[in-house]
């Protein structure tokens with residue numbers, strides 16, 4: 025049984041791809057959405073009775089949901105398959121460490137590109153604890169988000185297109201996490217970028233959505249260019265693309281050499297790992313490439329929930345984890361990862377406090393949590409080598425992966441809840457919400473669980489994973505990072521409950537019409553409370569099983585019992601502060617504080633003017649300072665030389681044209697004259 | 016009557032023809048002048064065949080050949096000229112300059 029599941033594991037990719045093809049080229053065309061149909065019907069029979077129109081609209085309504093239903097069916101099959109695969113993997117690989125010491129199983133490996141003898145890029149399915157975890161997360165969240173989207177997108181003219189693109193995304197994301205080699209990963213990496221681009225710009229009539237999708241694509245492409253250079257560098261030196269080979273200690277030893285680039289000595293291993301990490305830097309939107317993620321919220325909310333919080337943006341964390349053995353050998357790379365992660369965590373958390381757009385709050389919160397994951401990975405390297413000799417702390421790695429797991433569920437739920445709020449209020453603005461507790465009770469209680477989870481309150485899932493991360497930082501001796509993480513935890517609790525109280529408590533701050541909880545949407549939100557509440561049970565599993573294999577780890581590290589208490593106290597004080605300022609759904613107290621901080625508040629609210637700095641650099645320095653002179657040189661010198669040649673030839677042609685005057689006798693005369701000259705010369 | 020007389024006569028005919036071709040404005044006049052050039056050449060053939068060749072028949076056949084060909088050519092040229100006249104209602108070569116560059 026398990027054998028069959030493993031050999032047919034390609035079905036994981038085939039099912040969503042099939043869903044994409046069938047919806048995009050079949051269902052979406054055959055069954056237009058109700059909104060689109062409404063328009064055509066109105067145009068077609070103006071005179072017919074409204075009853076008739078309604079009847080046919082109902083008929084089509086049945087058919088028009090088909091793309092969504094088909095996508096759900098395929099996603100549900102995929103969930104079943106992934107759960108089966110996870111069970112088989114647990115029973116046959118994880119339970120038998122004597123057979124699989126690396127906990128790695130390559131289900132199949134197909135030769136894909138033969139570059140030269142000895143260098144082949146394969147297409148394979150690589151199962152290890154982290155890819156298995158990601159497969160389960162992606163399939164489950166994809167199913168729930170698809171269910172949610174039926175409610176969320178039901179009036180949208182692009183209903184079919186939406187589900188086609190969502191299936192495309194599931195396919196690419198699953199392909200990314202199961203990649204057995206780095207080139208395959210790069211291909212799927214670009215595919216998720218493409219899906220993300222298409223879905224951010226889903227409402228392409230809106231200029232802001234188009235601008236946001238372009239921004240996301242350009243920023244991530246910029247980072248991916250470095251990623252590709254890193255891939256080329258590593259595979260050129262290691263003579264292989266396979267992760268298994270790249271993660272061997274021999275590869276690190278081969279790469280670990282210093283060369284001179286100009287006058288600067290560079291360690292190739294550090295350079296290559298940093299270049300590869302640059303890809304994750306862009307995809308996971310770390311400072312200063314974070315600018316695309318808040319803007320990406322222009323897409324539909326289900327897209328934000330699956331792509332820009334739960335799955336795609338953790339690809340950078342996943343990549344770092346996948347190549348962790350190589351990264352851990354490099355001098356300084358993990359320190360960079362840790363520093364960037366910690367900085368982004370606190371930076372984004374500070375910005376999130378001041379935002380008013382609920383999706384932007386969640387976007388900055390995502391950035392902050394991604395920062396947590398990355399600094400946890402960086403903290404897997406014990407500072408100063410540690411006392412026990414081994415320089416690595418396995419908890420840093422497993423805590424990062426654990427946080428990926430818990431964060432995916434609670435952040436997905438927060439986004440879905442935010443989508444419900446937007447649906448109810450028809451606005452993203454926190455200040456026009458309020459008083460929704462009475463109207464949306466199910467959403468209220470579910471989001472309370474999610475907010476408690478992200479705030480790190482016992483016993484919700486976020487408590488366990490954040491605790492593990494802080495513990496890892498403390499154990500590895502990164503005290504500054506630990507402090508940053510602790511403070512960020514308090515800030516996180518504060519801004520999440522600011523969002524929560526302002527949205528649900530107090531009186532409504534705008535006129536609300538027919539607020540109701542759509543059953544499709546509410547189902548997904550409520551279903552996600554299960555992992556949010558229960559993921560804490562998996563703590564020991566993650567700490568024990570989800571570790572990068574083949575590395576020497578320090579054991580018996582201190583486990584201070586005061587840490588969970590402190591972390592909880594910080595979280596609770598954040599919540600208490602939020603309650604004090606916003607608990608009654610009013611903003612007058614907060615307004616006083618805002619006045620007191622004045623310019624600082626303005627600076628933070630404008631996201632530290634990073635976007636403006638980017639605009640300044642690109643427009644003033646790159647466009648005006650570099651591009652304009654280059655353009656002048658191209659237009660005037662390069663084009664000018666070409667134009668001169670053309671002008672000379674043109675002039676010659678004009679002169680020759682004078683001889684062609686169309687007078688027959690002129691031609692004859694010239695012929696006779698020529699003959700005479702020839703005779704004269706011949707004699 | 017020596018060869019020189021014939022050659023001079025044929026040269027004169029040829030020169031008259033060329034002059035006509037270059038100066039006549041009427042297409043039919045140009046055609047007649049071309050005939051004059053051809054006749055000058057024919058006379059040259061016959062004269063050389065008579066005075067110099069061991070077997071004069073070849074030299075006598077060539078003018079006949081040329082005459083036959085020029086008769087055909089004349090038919091074609093006249094057809095072209097007539098169709099041009101129908102189109103333009105005039106045969107002045109100065110006015111026919113559509114092919115200028």
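Protein chains in written order, with our numbering: chain Z, 25 to 707; chain F, 16 to 116.
Every residue, glycine too, gets a C-beta built ideally from N, C-alpha and C.
Under the three-state reduction of DSSP output, residue 238 (chain Z) falls in the helix class. Not a single CB atom of chain Z sits nearer than 8 Å to the CB of residue 100 (chain F). Using a CB distance cut-off of 8 Å, residue 696 (chain Z) counts as an interface residue toward chain F. Bounds of any beta strand (DSSP E) do not take in residue 75 (chain F); it lies within the alpha helix (DSSP H) bounded by 72-103. If you ignore the 5 residues before and after residue 456 (chain Z), its C-beta comes within less than 7 Å of the C-beta of 449, 533 and 534, all in its own chain and listed in chain order. Chain Z places no beta carbon closer than 8 Å to that of residue 54 (chain F), leaving this residue out of the contacts.
Straight through space, the alpha carbons of residue 497 (chain Z) and residue 590 (chain Z) are spaced by roughly 14 Å.
By the criterion of at least three beta-carbon pairs nearer than 8 Å, the region 522-530 of chain Z is in contact with the region 458-465 of chain Z.
When Cβ-Cβ separations below 8 Å define contact, residue 686 (chain Z) makes contact with chain F. In the DSSP annotation of this structure, the continuous segment of the beta strand (DSSP E) that includes residue 148 (chain Z) starts and ends at 143-151. Listed as beta-bridge partners of residue 135 (chain Z) by DSSP are Z:146. Closer than 8 Å to the CB of residue 59 (chain F) there is not a single CB belonging to chain Z. Assignment of residue 319 (chain Z) by DSSP, reduced to helix, strand and coil, places it in the helix class. Contacts with chain Z (Cβ-Cβ distance below 7 Å) from the region 34-54 of chain F involve 36 and 37, listed in chain order. Cβ-Cβ separation between residue 318 (chain Z) and residue 387 (chain Z): approximately 5 Å, consistent with a contact (criterion under 8 Å). Residue contact check for residue 114 (chain F) against chain Z: a CB pair falls below 8 Å. In the displayed model, residue 107 (chain F) falls within a strand according to three-state DSSP.
Burial is judged here by how many other beta carbons sit within 10 angstroms of a residue's own beta carbon; residue 17 (chain F) has fewer than 16 and is exposed.
Using a Cβ-Cβ cut-off of 8 Å, residue 706 (chain Z) does not count as an interface residue toward chain F, since no Cβ of chain F sits closer than that to its own. With a contact defined as Cβ atoms closer than 8 Å, residue 104 (chain Z) and residue 551 (chain Z) miss out at about 16 Å.
Taking a cut-off of 8 Å on C-beta distances, the region 395-403 of chain Z touches the region 494-512 of chain Z, as three or more cross pairs fall below it.
Counted as a single uninterrupted DSSP element, the alpha helix (DSSP H) harbouring residue 438 (chain Z) occupies residues 418-449.
A Cβ of chain F is located within less than 8 Å of the beta carbon of residue 693 (chain Z). With the criterion set as a beta carbon lying under 7 Å from some beta carbon of chain F, the members of the region 664-690 of chain Z are 681, 684, 685, 686, 687, 688 and 689, in sequence order. The DSSP-derived three-state label of residue 140 (chain Z) is strand. Scanning the region 288-340 of chain Z for uninterrupted beta strand (DSSP E) segments of 3 residues or longer gives 288-291, listed from N- to C-terminal end.
Collapsing the DSSP output to three states places residue 126 (chain Z) in coil.
Within chain Z, the residues placing a beta-carbon under 7 Å from that of residue 108 (chain F) are 688 and 689, ordered along the chain. Straight-line spacing of the CA atoms in residue 51 (chain F) and residue 29 (chain F) works out to 7 Å. Between residue 587 (chain Z) and residue 179 (chain Z), the alpha-carbon positions lie close to 49 Å from each other. In summary, residue 362 (chain Z) is buried, with 16 or more beta-carbon neighbours lying within 10 Å of its beta-carbon over all protein chains present. The alpha carbon of residue 430 (chain Z) has as its nearest neighbour, out of Z:138, Z:46 and Z:157, the alpha carbon of Z:157. Residue ranges of uninterrupted beta strand (DSSP E) with 3 or more members are absent from the region 542-598 of chain Z; none lies entirely inside it. Annotation: the continuous beta strand (DSSP E) that includes residue 282 (chain Z) extends over 282-285. Contact check for residue 326 (chain Z) against residue 443 (chain Z) passes: the beta carbons are separated by less than 8 Å.
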